[in-house]
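Protein chains in written order, with my numbering: chain B, 1 to 265; chain Y, 1001 to 1260.
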């Protein structure tokens, strides 16, 4: 266990002494801020239109959660495609390149411990990056007003589920990235391949509609955004949880087999 | 210098003969193929507790490969290796607890400070907080790392990086030390110090030392193992060699056996 925590500690130290984590953090805040502004303006337009037509029914349907936060989180999910490969590319590839992996290979730790510890450290970074998204609902909550007395301006349960969805999708992507990083010596190769795999997974959702029959269902099932959508609607579905957690576990297992194959433990 | 080497060699041979019952490191028929290329072919030897062995051979002879197999960094194609009674391939965790390994390129992270690097090394060895503190203190003192203790490893000179690697290998006082060219990149004073350190460790530790500096072998080792094209060509004590080969130096023997 000492080794497990030691690896997490070291991974986090490296993550936060090198600029990558900060760059990804910045990238995330700039893009999510952009989406937020975009949908905020859209919301304003919708409000003006509802006022113009004096349409009470339309007016009643306007709310921050559905019109700003949900589309914003859906947009934010796309940043994972670029952000996660940057975070995971070094995980094993850099160690192999610098030969520092020899220390891990010859230390009395199991391969599963190494992989899991590295993953937990990545999850902490992904968690920090996801957590910053809380500023948007918090801003709306602080400045927004509602016609209904006592009601919250935003739907917190949906918002938090959306954030959880981003986090889980980030975890799944991180496990894929780590797995790919364990297969190569080059960080660039790891980053590009991870990006490619993630784009493929994402696009499966889009093309699943074009594929008839069970193949289309499989394509949709494999795609992270298809499962994220439920979270973003405020639905906590067991199947989606199993997809994210199970998928993450699968890739971690694979990464630990790869690491194991390089040594003898 | 030479008489200090001789005295420590005799001291260590005395202590090794005191506990010479079971060999601490036992290698039999170790073979490694990289695809069809044979890097190590049927190498066998055994080392007693406290022995210091010079592991010699030309570049590409399979020294590093043998060492990496012994430490469990890579699997062997066939053959057996045991350290302190544990099979490297069956109980690697137990073996790894008992080995301190310094690879050719010291396994250090440029983005960590020397202090953090050593702390990390301790946690990988499974040392408790107090043990780690003592072990780091000892390593820093042994390898003279005080001047760079709070510096990033990446900003240290090659010599210091090498010594950080050595300090890391010494953490937790492993019974077996496997050092792959430990004096490369050090200046003459540091080389002296590392040699003195190895002599100092020799009584209580079994040390396998690979090197290209042949005088080093006669200075710190009692025994030499030479390999060539992955095969063992010589395994004898320096005393025996001196008796057989007359006043030939290790260098001359090396050139005869593995050179050309």
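Every residue, glycine too, gets a C-beta built ideally from N, C-alpha and C. This structure is a prediction, so every number in the text was calculated from the model and none was measured.
Spatial neighbours of residue i within its chain, please: CB distance less than 6 angstroms, with the 5 preceding and 5 following residues excluded, ordered by chain position.
i, result
"residue 208 (chain B)", "216, 219, 220"
"residue 1068 (chain Y)", "1074"
"residue 117 (chain B)", "4, 7, 8"
"residue 84 (chain B)", "173, 174, 177"
For residue i, report the span of its alpha helix (DSSP H) as first-last.
i, result
"residue 1169 (chain Y)", "1158-1170"
"residue 72 (chain B)", "70-88"
"residue 48 (chain B)", "20-53"
"residue 1251 (chain Y)", "1250-1257"
"residue 232 (chain B)", "224-232"
"residue 141 (chain B)", "135-143"
"residue 129 (chain B)", "111-131"
"residue 56 (chain B)", "56-61"
"residue 1220 (chain Y)", "1214-1220"
"residue 6 (chain B)", "2-17"
"residue 102 (chain B)", "101-105"
Quick one: residues in its chain with C-beta nearer than 7 angstroms to the C-beta of residue i, no 5 flanking neighbours on either side, listed in chain order?
i, result
"residue 1007 (chain Y)", "Bear in mind that the predicted position of residue 1007 (chain Y) carries a pLDDT of just 43, short of 50, making it unreliable; the figure below should be weighed with that in mind. So no residue of the chain qualifies."
"residue 46 (chain B)", "62, 67"
"residue 1028 (chain Y)", "1044, 1079, 1080"
"residue 237 (chain B)", "230"
"residue 1092 (chain Y)", "1072"
"residue 1245 (chain Y)", "1253"
Quick check on DSSP: helix, strand or coil for residue i?
i, result
"residue 1082 (chain Y)", "strand"
"residue 173 (chain B)", "helix"
"residue 1195 (chain Y)", "helix"
"residue 1022 (chain Y)", "coil"
"residue 210 (chain B)", "coil"
"residue 1011 (chain Y)", "Because residue 1011 (chain Y) carries a pLDDT of 41, less than 50, the predicted location of this residue cannot be relied on, and the following value inherits that uncertainty. Here residue 1011 (chain Y) sits in helix by DSSP."
"residue 1041 (chain Y)", "strand"
"residue 1027 (chain Y)", "strand"
"residue 1093 (chain Y)", "helix"
"residue 1173 (chain Y)", "coil"
"residue 1074 (chain Y)", "coil"
"residue 1226 (chain Y)", "strand"
"residue 1201 (chain Y)", "helix"
"residue 160 (chain B)", "helix"
"residue 237 (chain B)", "coil"
"residue 252 (chain B)", "helix"
"residue 155 (chain B)", "coil"
"residue 1247 (chain Y)", "coil"
"residue 1048 (chain Y)", "coil"
"residue 204 (chain B)", "helix"
"residue 1187 (chain Y)", "coil"
"residue 1152 (chain Y)", "strand"
"residue 1004 (chain Y)", "Low per-residue confidence applies at residue 1004 (chain Y): pLDDT is 43, beneath 50, and the placement is therefore not dependable enough to give any value."
To which residues of the same chain is residue i closer than 8 angstroms at the C-beta, ignoring the five residues directly before and after it?
i, result
"residue 1117 (chain Y)", "1108, 1109, 1153, 1164, 1168"
"residue 112 (chain B)", "256"
"residue 1131 (chain Y)", "1122, 1172"
"residue 79 (chain B)", "27, 28, 31, 32"
"residue 1112 (chain Y)", "1120, 1152, 1153"
Please compile the residues from chain Y whose C-beta is within a distance smaller than 9 angstroms of the C-beta of residue i.
i, result
"residue 109 (chain B)", "1093, 1096, 1124, 1126"
"residue 263 (chain B)", "1072, 1073, 1074, 1075, 1092"
"residue 3 (chain B)", "1123, 1124, 1125, 1126"
"residue 145 (chain B)", "Ordered by position in chain Y, no residue passes the 9 angstroms Cβ test against residue 145 (chain B), which lies about 48 angstroms from the chain."
Just to make sure I have the definition right: I need the residues of chain B whose C-beta is within less than 9 angstroms of the C-beta of residue i. Which are they?
i, result
"residue 1120 (chain Y)", "6, 7, 9, 10, 13, 103"
"residue 1087 (chain Y)", "Per Cβ cutoff of 9 angstroms: no residues; residue 1087 (chain Y) is ~10 angstroms from chain B at best."
"residue 1033 (chain Y)", "Those do not exist, as residue 1033 (chain Y) stays about 15 angstroms from chain B at its closest Cβ, beyond 9 angstroms."
"residue 1103 (chain Y)", "99, 102, 103, 106"
List, in chain order, every chain Y residue whose beta-carbon is nearer than 8 angstroms to that of residue i.
i, result
"residue 256 (chain B)", "Those within 8 angstroms of residue 256 (chain B) in chain Y number zero; the least Cβ separation is about 15 angstroms."
"residue 100 (chain B)", "1107, 1108, 1109"
"residue 70 (chain B)", "Ordered by position in chain Y, no residue passes the 8 angstroms Cβ test against residue 70 (chain B), which lies about 39 angstroms from the chain."
"residue 88 (chain B)", "Within 8 angstroms Cβ-Cβ: nothing; residue 88 (chain B) doesn't reach chain Y, min ~16 angstroms."
Please list, in chain order, the chain Y residues whose beta carbon lies closer than 7 angstroms to that of residue i.
i, result
"residue 17 (chain B)", "1111"
For the beta strand (DSSP E) that residue i lies in, which residues bound it at each end?
i, result
"residue 1207 (chain Y)", "1206-1210"
"residue 1235 (chain Y)", "1231-1237"
"residue 1056 (chain Y)", "1052-1056"
What residues of chain B sit near residue i, judged by a beta carbon separation below 8 angstroms?
i, result
"residue 1173 (chain Y)", "Chain B residues near residue 1173 (chain Y): none, gap ~14 angstroms exceeds 8 angstroms."
"residue 1099 (chain Y)", "106"
"residue 1116 (chain Y)", "10, 13"
Which residues in chain B sit within 7 angstroms of residue i, going by Cβ to Cβ distance?
i, result
"residue 1134 (chain Y)", "The premise fails here: residue 1134 (chain Y) is roughly 15 angstroms from chain B at the closest Cβ pair, so nothing lies under 7 angstroms."
Could you check if residue i belongs to the surroundings of the ligand FMN, using beta carbon to heavy atom distance under 7 angstroms?
i, result
"residue 1079 (chain Y)", "For the structure depicted, the ligand FMN is absent and the ligand set is empty, with no information on it obtainable."
Discussion item. Runs of 4 residues minimum, wholly inside the region 1099-1149 of chain Y: which ones carry the alpha helix (DSSP H) assignment?
Written reply: 1114-1124, 1129-1142
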